[in-house]
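Residue numbers (UniProt numbering): 1 to 704.
Note that CB positions come from ideal geometry on N, CA and C, so glycine has one too.
All of these numbers come straight from a predicted model, not from anything done at the bench.
What follows is a short report on a single structure.
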Amino acid sequence: MSKKTKAASAQSRGETLHAGNGGEIHQTAGGDVPVMTTQGGMPVSDDQNSLKAGARGPTLLEDQHFREKIFHFDHERIPERVVHARGYGAHGVFETYETLADITKADLFQRAGEKTEMFVRFSTVAGNKGSGDLARDVRGFATRFYTKEGNWDLVGNNIPVFFIQDAIKFPDLIHAAKAEPDRGFPQAQTAHDNFWDFISLTPEAMNMALWIMSDRTIPRSFRFMEGFGVHTFRMINAEGKSTFVKFHWKPKQGLQSVVWNEALKLNGADPDFHRRDLWDAIKAGDYPEWELGLQLFDEKFAEEFEFDVLDATKIIPEEQVPIRIVGKMTLDRCVENFFQETEQVAFQTGNVVPGIDFSNDPLLQGRNFSYLDTQLKRLGGPNFTHIPVNAPRCPVHSFQQDGHMSMRNPRGRANYEPNSWGGEKGGPREAPEAGFSSYPEEISGQKARVRSETFADHYSQARQFYLSQTETEQTHIGNAFVFELSKVETMAIRSNVVAHLRNVDEDLAKTVADGLRLQEMPAAAKAARPTIMDLAKSDKLSIILNGPDSFKGRKIGILVSDGVDTALLDGLKAAIAAEGAMMEIVAPMVGGVTTSDGGFVEAKQKIDGGPSMLYDAVAVLVSKDGATLLSKEATAKDFVTDAFAHCKFIAYSPEAMTLFEKAGIKDDLDEGCISMSSAKEAKAFIAQCRKLRHWPRETMVDVV
Ligand code: HDD
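The following block contains the structure:
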């Protein structure tokens, strides 16, 4: 068939032709290079010069290519998300481990081994699209399953509780957290008056306040954090039986966070640290994996539990309702175009599938309105579900039509129902049995603006969370409160926060009050319910207790100089590879260094572009002359002092001592600093690194 006839026949079938997008290309610009065209498909002859009346004359209005190019550029931006503006997405696949037919009729959970395509977007909450990845902030953990029965969006966070109990407070929370409206700063941080003012006047936020002051808000990588659906949902089986469920994502890579001083510096060293990490890992074939876990419980448990399961400021400890692992998500494909996929993906909590249903959690109920509404603003019309990343992978039939950018209008004559056209001509019809139906829960009560009495305990779980942390993590929480409140200018707000902390844990309140040098300890805040003092600790709430058992997927920065010992370097490289870890060579110049045996090693980073914050552990393999040279270089001294201050494991050639001495850490070296005089010691170093950080050092380096 000639190209012309093919085009005509495609058009007669009502299909759209995308010349230059994999469809018909009428010409090439040489070899396989497609010719540049206007949006209308007209080949462009000159993209360097606008059309002018004379070489020095005015530009002509008839230059369609010029006008279209500028017009399109002028309209490139869409509104950024009002929250979670900064994010990063990837494609993946979910594999069901076992049938859950007894619990849910959701198709994706019926068959062991079933694979479901997925898209995931991780994000920070408060910062603008261009803010740094290492903001102290909750991370969004939004997941989409493209199931055979439509898209199921589980739009969660990396923290299992939330700030507020009722969606009506969401605009206040977000206004308070984001930049203050008069001055337009601070960007991407909660360390300011408005945020802590709101929190101190919102006792229900206290559990979340403890979580956000923990290291959960400074994850080392998206790959090393948990995800949570937060709310209680329902699962409904084929018999119509309902089971309550809370969703958890458990990273196979184990949990890991950075330390605060490191986060502050990372934001400068590499504001894209998290997105780059995900991109690099997937491109390297080291696909991150999370297992999906369910906490399943019935009405009886819900009634007997100390807290209301509809209250999103509460968890159900895993010790009370163990997690059943039911499948695994693997992220194995980066996006091909950031805007088209990551920016235009439009998650909606309202996207559920038959067999999964909402609970009456007032936060979830409000979200179901907000997500649909916000996409209209962001994507400009009601047809955002036609964008490939949003389009279900199953057939879609409805009588919804037209609107901006419609790509999928109903075919044929019938665009309404009931109609009497019959059969295929009549278009789609409902499926009363197979279609989604809401769980027929009995509801009664007075119409009123109320908060249930069962939501009134605001401190007990905050205390439980705090006491479940290791001592190191408790110190980090105390330090984080002191840091944030030190940025709050209004004394009364500082003091009001401490007043709440007294209801959580007196020691924590004292630590924070002392850290702020409060002149007077405030009275404890008035509590609607007294704190339950003896809730059982839960090890699962700690990051350090849930770390990995290997150094796989982590990265070592190796600082080298000319004359680096080849055997040492090769030994270390081999040990890193055997562990499945990654490495980068950092050198005085990015071209590389000569090695002791006359060879040459290329570097990935020049020393000032590769500070030690970028790595989970470091090695300093320098020659005698190299150490002398680097001990005069501020960035090399920073490399070792920062690694030391951030409690990282450090391997070093004996010659590095000159650099350590000049950097001021020579006399403080501890068991976390491992001298490597032969390649054999590399394995022992990597084995140490599995602990991720040498925490005992922290009491030496963080004393104020
Ligand atoms: Fe939300 C985005 C998570 C409460 C209103 N939210 C958004 C995203 C995540 C969450 C991960 C980013 C999605 C993406 O990557 O595109 N939000 C949560 C969680 C909440 C929560 C876990 C509490 C449990 N959110 C919440 C409430 C409301 C919203 C109570 C409003 C009543 N959230 C939105 C929104 C956003 C959003 C305004 C902005 C962009 C978007 O929806 O797509 O509709």
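Integer-rounded CB distance, given that residue j should sit under 8 Å from residue i
i, j, result
"Asp-565", "Pro-611", "Their Cβ separation, rounded to whole angstroms, is 23 Å, which puts Asp-565 and Pro-611 out of contact at 8 Å."
"Ala-263", "Arg-86", "Not confirmed; about 15 Å, so no contact."
"Ala-281", "Asp-361", "Contact flag wrong, Cβ pair sits at about 34 Å."
"Phe-465", "Asn-194", "In fact, because the Cβ distance is near 24 Å, the residues do not count as touching under 8 Å."
"Val-586", "Val-593", "Their Cβ separation, rounded to whole angstroms, is 10 Å, which puts Val-586 and Val-593 out of contact at 8 Å."
"Phe-109", "Leu-100", "4 Å"
"Leu-60", "Lys-52", "7 Å"
"Ser-677", "Pro-654", "6 Å"
"Arg-542", "Ser-486", "Strictly speaking, residue 542 in this sequence is Ser, with Arg absent from that position. Wrong, their Cβ atoms sit about 26 Å apart, outside the cutoff."
"Gly-130", "Thr-342", "Incorrect: roughly 14 Å between the Cβ atoms, too far for contact."
"Gly-553", "Gly-580", "7 Å"
"Lys-241", "Glu-291", "Not really, about 25 Å apart at Cβ, beyond 8 Å."
"Ile-665", "Val-618", "Wrong, their Cβ atoms sit about 12 Å apart, outside the cutoff."
"Ser-359", "Thr-232", "5 Å"
"Asn-390", "Val-450", "Rounded, the Cβ-Cβ distance is 36 Å, inconsistent with contact."
"Asp-107", "Glu-149", "5 Å"
"Gly-41", "Met-329", "Going by Cβ atoms, the distance from Gly-41 to Met-329 rounds to 40 Å, so no, they are not a contact pair."
"Gly-254", "Gly-547", "5 Å"
"Lys-425", "Gly-412", "6 Å"
"Ala-656", "Ala-684", "In fact, because the Cβ distance is near 17 Å, the residues do not count as touching under 8 Å."
"Asn-237", "Thr-96", "Not confirmed; about 15 Å, so no contact."
"Val-512", "Gly-478", "6 Å"
Neighbourhood of residue i by C-beta, 8 Å cutoff - its chain only, sequence neighbours within 5 removed
i, result
"Leu-614", "Leu-266, Ala-269, Asp-270, Phe-273, Lys-555, Gly-557, Glu-584 and Gln-605"
"Thr-38", "Val-44, Gln-64, His-65 and Glu-68"
"His-397", "Pro-410, Gly-427 and Pro-428"
"Val-190", "Per the sequence shown, the amino acid found at residue 190 is Thr instead of Val. So the qualifying residues of the chain are Ala-126, Arg-136, Asp-137, Ala-177, Trp-196, Ile-212 and Glu-484."
"Thr-28", "Pro-34 and Val-35"
"Gly-366", "Asp-166, Ala-167, Ile-168 and Phe-170"
"Asn-419", "Gly-426 and Gly-427"
"Leu-691", "According to the sequence displayed, residue 691 carries Lys and not Leu. The answer, listed in chain order, is Gly-547 and Phe-649."
Sequence-distant residues of the same chain with beta carbon closer than 6 Å to residue i, five excluded per side
i, result
"Val-155", "Ala-142, Phe-347 and Thr-349"
"Ala-687", "none"
"Gly-293", "His-248, Lys-250, Ile-323 and Ile-325"
"His-646", "Val-259 and Glu-262"
"Val-321", "Gln-295 and Phe-297"
"Ile-159", "Val-138, Trp-211 and Arg-216"
"Leu-629", "none"
"Asp-308", "Thr-454 and Phe-455"
"Gly-571", "Ala-679 and Ala-682"
"His-18", "With a pLDDT of 41 at His-18, under the threshold of 50, the modelled position of that residue is not reliable, and the figure given next carries that caveat. None."
"Ile-532", "Ser-460"
"Met-199", "Strictly speaking, residue 199 in this sequence is Ile, with Met absent from that position. So the list reads Ala-205 and Ala-209, once near-sequence residues are dropped."
"Val-335", "Gly-89, Glu-341 and Thr-342"
"Met-582", "Lys-555"
"Ala-596", "Reading off the sequence shown, one finds Ser at residue 596, where the question assumed Ala. Excluding sequence neighbours, Ser-596 sits near Gly-563, Asp-565 and Thr-566."
Short CB-CB distance (under 8 Å) between residue i and chain B
i, result
"Pro-251", "Protein chains in the displayed structure number just one, and chain B is not present."
Close beta carbons around residue i, own chain, < 7 Å, minus the five adjacent residues each side
i, result
"Leu-516", "Val-482, Leu-485, Ser-486 and Arg-494"
"Pro-186", "Ala-179 and His-192"
"Arg-697", "Cys-647, Asp-670 and Gly-672"
"Gln-401", "Asn-409, Pro-410 and Asn-415"
"Val-83", "Val-125 and Ile-174"
"Pro-79", "Lys-377 and Arg-378"
"Glu-319", "Ala-536 and Ser-538"
"Gln-48", "none"
"Ile-544", "Thr-470, Thr-472 and Glu-473"
"Phe-338", "none"
"Thr-658", "Ala-627, Thr-628 and Ser-631"
#### Entry: Start-end ranges of the beta strand (DSSP E) lying completely within the segment 479-567, minimum 3 residues
Within the segment 479-567, the beta strand (DSSP E) runs of at least 3 residues that lie entirely inside it are, in chain order, 555-560.
### Message
Using a Cβ distance threshold of 8 Å, determine whether the segment 109-118 contacts the segment 242-260, with at least three qualifying pairs required.
### Response
Contact between the segment 109-118 and the segment 242-260 is absent, because fewer than three Cβ pairs lie under 8 Å.
### Query
Can you find at least 3 beta carbon pairs, one from the segment 370-386 and one from the segment 399-414, that sit closer than 8 Å?
Output reads yes: the segment 399-414 touches the segment 370-386.
### Task
Note down, one range per segment and in chain order, each alpha helix (DSSP H) of at least 4 residues found wholly within the segment 594-650.
Entirely contained in the segment 594-650, the alpha helix (DSSP H) runs reaching 4 residues are, in chain order, 624-630 and 634-645.
### Touching by the beta-carbon criterion (3+ pairs, under 8 Å), the segment 352-369 and the segment 47-60
Judged by Cβ distances under 8 Å, the segment 352-369 makes no contact with the segment 47-60, as fewer than three pairs qualify.
### Query
Per the contact definition of three or more C-beta pairs closer than 8 Å, is the segment 627-638 in contact with the segment 569-576?
The segment 569-576 makes no contact with the segment 627-638: fewer than 3 CB pairs, one atom from each, lie closer than 8 Å.
### Query
Are the segment 450-468 and the segment 300-316 touching by the rule of at least three beta carbon pairs closer than 8 Å?
A contact between stretches requires three or more CB pairs, one per stretch, nearer than 8 Å, and the segment 450-468 meets this requirement with the segment 300-316.
### Query
Should the segment 203-212 be regarded as contacting the segment 499-515, the criterion being three or more beta carbon pairs within less than 8 Å?
When C-beta atoms of the segment 203-212 are compared with those of the segment 499-515, three or more pairs fall below 8 Å, so the two segments count as touching.
### alpha helix (DSSP H) segments (min. 4 residues) lying fully within the segment 251-339
Taken in chain order, the whole alpha helix (DSSP H) runs of length 4 or more contained in the segment 251-339 are 260-269, 273-283 and 299-304.
### Query
With contact counted as at least three CB pairs below 8 Å, one residue from each stretch, are the segment 177-185 and the segment 472-483 in contact?
Not touching, per the Cβ criterion.
### Message
Can you confirm whether the segment 214-233 touches the segment 512-521 when touching is taken to mean that 3 or more C-beta pairs between the two stretches lie within less than 8 Å?
### Response
Between the segment 512-521 and the segment 214-233, the count of Cβ pairs shorter than 8 Å is below three; the stretches do not touch.
### Query
Quick one: complete alpha helix (DSSP H) runs, 4+ long, within the segment 46-115?
Unbroken alpha helix (DSSP H) stretches of 4 residues or longer found wholly inside the segment 46-115: 64-74, given in chain order.
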